[in-house]
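Sequence lines, in order, name chains A and B.
When we follow the UniProt record's numbering, the leftmost residue of the first sequence carries the number 1, and every step to the right adds one.
When we follow the UniProt record's numbering, the leftmost residue of the second sequence carries the number 1, and every step to the right adds one.
C-beta atoms are modelled at their ideal positions from N, C-alpha and C, and glycine is treated no differently.
Number of protein chains: 2
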Amino acid sequence: MPRTPRQPRAKATVNAIVEAGFLSLSEHGVQGTTTRHIADLAGVSVGSLYEYFANKEEVFEAMHHHMVAEVVAMVEPMTPALVKMEIRDLIKELLFGFRDLLEKNHGRYLRYMSYAAYFAPRNYMEPIQRLLMNLLLQYVIHHPQLARLGNLPAMGYIMINGGVFTVLRYLSEPNPTIGFEELVKGLGDMVAHFVEGELRKEG
Amino acid sequence: MPRTPRQPRAKATVNAIVEAGFLSLSEHGVQGTTTRHIADLAGVSVGSLYEYFANKEEVFEAMHHHMVAEVVAMVEPMTPALVKMEIRDLIKELLFGFRDLLEKNHGRYLRYMSYAAYFAPRNYMEPIQRLLMNLLLQYVIHHPQLARLGNLPAMGYIMINGGVFTVLRYLSEPNPTIGFEELVKGLGDMVAHFVEGELRKEG
DNA sequence: GCGGGAATCCGAATTGAATCCGAACAAACA
DNA sequence: TGTTTGTTCGGATTCAATTCGGATTCCCGC
């Protein structure tokens, strides 16, 4: 039964542990990340770690929340501008932002993501998916001609998942065979053509 | 230094261990999968496991090879028929086959896949991606009008990765909000519209 | 079908990481 | 200042991964 930090000192400790989690993961991978490592990097003892986290898993979960919160903090303020853009520009804007966020701090979030499926097996991407689905809905509202598109849930599911995972995979690649710009352009074209094609079909 | 099995008895042992690996993963997840578990399920002792695998990781790697080999064994014989199909039918055929394979044996491969990023961080999907890229090339050869498409590598990268990960994610979902048929149809439409759109642009 | 070396199998012993716990220290507050 | 509550510490415990030496089984030449 982990305790919740009350005093600022304790909050700093918790924060240091989460930070250290990202560091250790980047440095040593999952295998090499021991509680001692994390505690050492955080400058506290292992015992302290267990004051606030029931187990090592929970440290990873906290890291996950941290990352999701940052993604949300990036996307939400952009939303009003995004929904007014041309679809290709929206995608470009979003994906470049996403890349920058993932590569911040020497790629800590990216590194984390490549293990995320392991730490948080169930619906670990769900909040982000919901965020993007919401963006899509807002976009449709601002572009009424899109309302004719059929089966928005399925379309959204494909575009969002396909897009997110493709970008994640791409950024994790040590020697990509194509450039990030090409990838973004390709994804933009894909979505744009899809929308055009569907509208043509409907109309 | 693990030994290579020579006698049939030993081959059966190795096989039983890999089988047990899938079983244990399905039953207990990564955390719960101990060498003792695997050995028990395989009906051998832990010592025997270490005769043929340097460590637990290697058992997972063997499982990975097993799965990749099955995917290849599924796709390769289909290829001649696939390349003659309409693009939407190709996708439908491929994805239904993929689903059936992943759900075979109570979803053992699917279960495995959801942890694969952890076991085999480096290029764990690379052989499958190459397989599908090859299919795409064959397809273009059989449909010369597609040769006008620009940037085939980027297009292929997006379609293959986006498709594979979307389907994997979908199949792992406990309560999918859309049907598999919708997903497959959506992916087919996406690719078909994309190709049409690009051809229109080029022409 | 017999004997010896190679292959295989076993499971107790070792090792090291995760987790627990009770004492020591620090802050808040009266 | 004394008391209560929050925080930190690091040694003790537990449990899984891996090792190792010996027992068992197979295979091949006789």
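Which residues in the same chain have their Cβ closer than 6 Å to the Cβ of residue i, if we skip the five residues on either side of it in sequence?
| i | result |
| --- | --- |
| tyrosine 139 (chain B) | Val83 |
| leucine 90 (chain A) | Leu82 |
| leucine 136 (chain B) | Gly156 |
Distance cutoff 9 Å, beta carbons only. Does residue i sit that close to anything in chain A?
| i | result |
| --- | --- |
| aspartate 189 (chain B) | yes |
| threonine 166 (chain B) | yes |
| residue 207 (chain B) | Given that chain B is displayed from residue 1 to residue 203, the structure contains no residue 207 (chain B) and the question cannot be resolved. |
| leucine 183 (chain B) | yes |
| tyrosine 170 (chain B) | yes |
Any C-beta of chain B sitting closer than 9 Å to the C-beta of residue i?
| i | result |
| --- | --- |
| histidine 66 (chain A) | no |
| threonine 34 (chain A) | no |
| tyrosine 109 (chain A) | no |
| leucine 196 (chain A) | In the sequence under discussion, the amino acid at residue 196 (chain A) is glutamate, which differs from the leucine named in the question. So yes, glutamate 196 (chain A) belongs to the interface. |
| proline 127 (chain A) | no |
| methionine 63 (chain A) | no |
| alanine 192 (chain A) | yes |
Leaving out the 5 sequence neighbours to the left and right, which residues in its chain are closer than 8 Å to residue i when beta-carbon positions are compared?
| i | result |
| --- | --- |
| glycine 32 (chain A) | Ser24 |
| methionine 113 (chain A) | Met67, Leu102, Leu168 and Ser172 |
| glutamate 58 (chain B) | Pro2 |
| asparagine 105 (chain B) | Phe22 |
| serine 45 (chain B) | Ala39 |
| glutamine 26 (chain B) | Note that residue 26 (chain B) is serine in the sequence shown, not glutamine. His106, Gly107, Arg108 and Arg111. |
Taking 9 Å as the threshold (C-beta atoms), are residue j and residue i in contact?
| i | j | result |
| --- | --- | --- |
| threonine 166 (chain B) | phenylalanine 98 (chain A) | no |
| glutamate 76 (chain A) | leucine 131 (chain A) | yes |
| alanine 16 (chain A) | alanine 42 (chain A) | yes |
| lysine 185 (chain B) | lysine 92 (chain B) | yes |
| threonine 177 (chain B) | proline 127 (chain A) | no |
| leucine 187 (chain B) | isoleucine 87 (chain A) | no |
| leucine 183 (chain A) | leucine 95 (chain A) | yes |
| methionine 190 (chain B) | methionine 190 (chain A) | yes |
| glycine 29 (chain B) | glutamate 196 (chain A) | no |
| tyrosine 52 (chain A) | threonine 79 (chain A) | no |
| arginine 111 (chain A) | phenylalanine 22 (chain A) | yes |
| leucine 49 (chain B) | alanine 39 (chain B) | yes |
| alanine 20 (chain A) | histidine 37 (chain A) | yes |
| glycine 162 (chain A) | asparagine 161 (chain B) | yes |
| glutamine 145 (chain A) | leucine 199 (chain A) | yes |
| phenylalanine 194 (chain B) | phenylalanine 60 (chain A) | no |
I'd like the list of long-range same chain contacts for residue i, defined as Cβ closer than 7 Å, with 5 residues on each side in sequence excluded.
| i | result |
| --- | --- |
| alanine 116 (chain B) | His64 and Tyr124 |
| alanine 147 (chain A) | Val140 |
| histidine 142 (chain A) | Val83 and Lys84 |
| threonine 35 (chain A) | Val46, Leu49 and Lys56 |
| alanine 73 (chain B) | none |
Against residue i, what residues of chain B qualify as contacts under a CB-to-CB distance less than 8 Å, listed in chain order?
| i | result |
| --- | --- |
| glycine 186 (chain A) | Asn151, Ala154, Met155, Tyr157 and Ile158 |
| glycine 97 (chain A) | Within chain B, no residue comes near glycine 97 (chain A); the closest Cβ sits about 19 Å away, beyond 8 Å. |
| arginine 130 (chain A) | Under the 8 Å cutoff, chain B gives no residues; its nearest Cβ is about 11 Å from arginine 130 (chain A). |
Chain A partners of residue i, CB-CB under 8 Å?
| i | result |
| --- | --- |
| glycine 163 (chain B) | Gly162 |
What residues from chain B crowd round residue i, counting only those whose CB sits closer than 7 Å?
| i | result |
| --- | --- |
| isoleucine 178 (chain A) | Pro153, Ala154 and Tyr157 |
Using a Cβ cut-off of 9 Å, pull out every chain A residue sitting near residue i, in sequence order please.
| i | result |
| --- | --- |
| arginine 88 (chain B) | Ordered by position in chain A, no residue passes the 9 Å Cβ test against arginine 88 (chain B), which lies about 12 Å from the chain. |
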